[in-house]
Amino acid sequence: MPRHFHEELELGIRQSDGWQFNYRGAIHSVPPDTLVVTQPGEAHQANSASDQDCTFRGLRVGIDLLQQVATEVAGHKTALPFFPMPLVHDRDLNTQIVQVHQALEQSISGLEQQTLILELLAQLILRCAENPPPQAKLGEERQPVERIRAYLEDHYNQEVSLEQLAQIANLSSFHLNRSFRKTFGMPPHAYQIQVRILQAKRLLTKGWSINKVAAETGFASQSHFGSHFKRLVCVTPRQYIQDSKNLIDFDA
Numbered sequence: 014m015p016r017h018f019h020e021e022l023e024l025g026i027r028q029s030d031g032w033q034f035n036y037r038g039a040i041h042s043v044p045p046d047t048l049v050v051t052q053p054g055e056a057h058q059a060n061s062a063s064d065q066d067c068t069f070r071g072l073r074v075g076i077d078l079l080q081q082v083a084t085e086v087a088g089h090k091t092a093l094p095f096f097p098m099p100l101v102h103d104r105d106l107n108t109q110i111v112q113v114h115q116a117l118e119q120s121i122s123g124l125e126q127q128t129l130i131l132e133l134l135a136q137l138i139l140r141c142a143e144n145p146p147p148q149a150k151l152g153e154e155r156q157p158v159e160r161i162r163a164y165l166e167d168h169y170n171q172e173v174s175l176e177q178l179a180q181i182a183n184l185s186s187f188h189l190n191r192s193f194r195k196t197f198g199m200p201p202h203a204y205q206i207q208v209r210i211l212q213a214k215r216l217l218t219k220g221w222s223i224n225k226v227a228a229e230t231g232f233a234s235q236s237h238f239g240s241h242f243k244r245l246v247c248v249t250p251r252q253y254i255q256d257s258k259n260l261i262d263f264d265a
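Read the sequence shown against the numbering used here and you will find it ends at 265, with the numbers running on by one and no gaps.
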C-alpha cells in the first residue's frame with residue numbers, strides 16, 4: 014500500500030505471514046498475528062514480505078469513540094490516548110482482536126457488538142497507551158445493575174444498546190459492563206442471550222415452531238438462534254423438541 018494516513022485509529026493484524034511497516038521514520042518487521050496500532054493522522058506504508066495469500070483483519074476507530082472509552086476507563090475527562098509503540102507484543106490482546114473481528118462478521122446483536130468493541134478498546138488503552146489511566150474503582154452498584162437485569166428480563170426479545178442500559182443505570186457503559194460482570198458473572202449481552210434461550214425452551218415445549226421461536230425471542234435468524242441454543246443447551250432445538258416429547262411420553 015502507498016504511504017497514507019487515516020483520521021481514525023487503525024488496528025490491523027495480518028495472519029499467515031509477516032510484513033513490513035514504515036511508520037514514524039522507522040521500518041518495522043511485523044511477525045504474523047501481531048497487532049499493529051496506527052495513531053490518527055500518522056502517515057504510514059505497508060509492504061508484504063511475500064506474495065502468498067493471507068488474511069488481514071482491520072478495524073478503524075473514530076477519535077470520538079476512542080476519547081469516550083478513555084474517559085470512561087479513567088472515570089474522568091482525559092486526553093486522547095497516545096500509543097508510542099506500533100507493534101503490540103501481547104498475546105492475549107492479539108487473540109482478542111481476532112476474536113472480536115470474527116464475532117463482528119457474524120449476526121450478533123448491537124448490544125454484543127458494542128460490548129466487544131468497548132472491551133477491546135479498554136484493554137488496548139490500559140495495556141498499550143502512554144501513561145494509561147488507572148481504572149476507576151468499582152463501588153457498590155448492586156441496585157443499578159439489578160435494575161439492568163430486570164430490564165433485560167422484561168425486554169429480552171428487544172434490541173437494546175449498551176448506551177441505553179448505561180442511562181438506565183446512571184453509570185458509564187464501561188463501568189456498567191464491569192459492574193454487571195462482577196455481580197452476575199457475565200456481561201449484559203451474554204445475560205440477555207441466556208434469558209432468550211430460557212424463554213425459547215419454554216416455547217419449544219409448548220409446540221412452537223423453531224422459526225417462530227427464533228423470531229419471538231429476538232434472534233436475528235433461525236441459524237443465529239440455533240447456534241446459541243446448541244452452545245448453551247448442548248443440543249439443537251430440534252433435538253430438544255424430540256427429547257421433550259420423549260420425556261412427556263415417558264411421564265404419561
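Ideal Cβ positions, reconstructed from N, Cα and C, are used throughout, including at glycine.
The structure presented is a predicted model; accordingly, all values stated were derived computationally and were not measured.
Handout entry: C141 classed as buried or exposed, judged by whether at least 16 other C-beta atoms fall within 10 angstroms
Key = Buried, by the Cβ-count rule.
Exercise for the section: Could you check the C-alpha separation between I223 and R251 for me, to the nearest Å? Expected result: 8 Å
Exercise for the section: Hey, could you find the ends of the alpha helix (DSSP H) Y164 is sitting in? Expected result: R155 to D167
Problem - Closest residue to E118 among P146, L137, P99 and L72 (Cα-Cα distance) - result: The shortest C-alpha separation from E118 is found at L72.
Problem - Cβ contact check for the region 88-104 and the region 43-55: 3 or more pairs under 8 Å - result: The answer is yes - the region 43-55 touches the region 88-104, with three or more Cβ pairs under 8 Å.
Handout entry: Proximal residues to S29 (C-beta, below 8 Å), its chain only, five neighbours per side dropped
Key = P45, Q65, D66, C67 and T68
Problem - Where the beta strand (DSSP E) through T249 begins and ends - result: No beta strand (DSSP E) holds T249; DSSP gives it neither H nor E.
Handout entry: Assigned secondary structure, V3 (DSSP; H/G/I helix, E/B strand, else coil)
Key = Nothing in the structure corresponds to residue 3, since the chain is present only between 14 and 265.
Exercise for the section: Sort L48, G31 and W32 by Cα distance to E23 and report the nearest one. Expected result: Comparing Cα positions, the closest option is L48.
Practice task
Return the chain-ordered list of same chain residues with a C-beta closer than 7 Å to the C-beta of Q255, the five sequence neighbours on each side being excluded.
Solution key: Nothing meets the Cβ criterion.
Exercise for the section: Look at N190 and G231 and say whether their C-beta atoms are less than 8 Å apart. Expected result: no
Problem - Paired residues, beta bridge with Y36 - DSSP - result: A39 and H57
Exercise for the section: Indicate the three-state DSSP secondary structure (helix, strand or coil) for L24 in the structure shown. Expected result: If DSSP states are grouped into helix, strand and coil, L24 belongs with the strands.
Exercise for the section: Would you check if there are 3 or more beta carbon pairs closer than 8 Å linking the region 101-115 to the region 151-162? Expected result: no
Problem - Between the CA atoms of E229 and I138 - distance to the nearest angstrom - result: 39 Å
Handout entry: Residue closest to K258, alpha-carbon to alpha-carbon, out of Q81, A233, R244 and K214
Key = Nearest of Q81, A233, R244 and K214 to K258, Cα basis: K214.
Handout entry: Separation of G123 from A39, as counted between CA atoms
Key = 39 Å
Handout entry: CA nearest to the CA of V226, picked from C247, H202, Y253 and Q180
Key = For the residues C247, H202, Y253 and Q180, the minimum Cα distance to V226 belongs to Y253.
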